[in-house]
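A.B. asks: The following block contains the structure, expressed as structure tokens.
Residue numbers (the working numbering): 18 to 142.
Printed below as a string of structure tokens:
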């Protein structure tokens with residue numbers, strides 16, 4: 018699926034996410050399983066309509082952004098970043114795992130040096 022490069026509003030960008038995830042009926046049911054399919058779809062459509070009173074709460078927006086990332090739909094996150102003055106980049110899970118492993122190694126080495134220093138200081142007491 019080809020995604021838009023430019024969005025007019027956050028709601029426009031989130032509508033793209035909803036379409037990429039399967040449409041208002043599917044996503045509405047995922048977000049509001051207590052509703053009927055049609056009510057959930059109508060609720061989601063209303064939330065993404067600037068003229069309507071219903072709005073998504075921040076946790077729901079984050080959920081949509083996370084689901085969008087899973088399928089490679091980054092327009093909404095890019096829109097938010099651009100509007101807020103941030104550069105946004107995708108963090109690949111393997112890259113994040115490698116970074117975390119490096120941090121664990123660095124932290125372990127630091128703890129080892131600290132333990133050696135404590136041992137040296139305790140000998141001098």
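Every residue, glycine too, gets a C-beta built ideally from N, C-alpha and C.
In this structure, does DSSP put residue 53 in helix, strand or coil?
C.D. replies: coil
A.B. asks: Here's the rule I'm using: 16 or more other beta-carbon atoms within 10 Å means buried, otherwise exposed. How should residue 114 be labelled?
C.D. replies: exposed
A.B. asks: In this structure, how does DSSP classify residue 115 when only helix, strand and coil are distinguished?
C.D. replies: helix
A.B. asks: Give every residue of the same chain whose Cβ lies closer than 6 Å to the Cβ of residue 108, excluding the five residues on either side of it in the sequence, and list them in chain order.
C.D. replies: Answer for residue 108: no residue qualifies.
A.B. asks: Excluding the five sequence neighbours on either side, which residues of its own chain have a C-beta within less than 8 Å of the C-beta of residue 67, listed in chain order?
C.D. replies: Closer than 8 Å at the Cβ level, and outside the excluded window around residue 67, lie 26 and 28.
A.B. asks: Is the separation between the beta-carbon of residue 34 and that of residue 93 shorter than 7 Å?
C.D. replies: Yes, the pair counts as a contact, with Cβ atoms nearer than the cut-off.
A.B. asks: Out of 90, 54 and 97, state which residue places its alpha-carbon closest to the alpha-carbon of residue 75.
C.D. replies: 97
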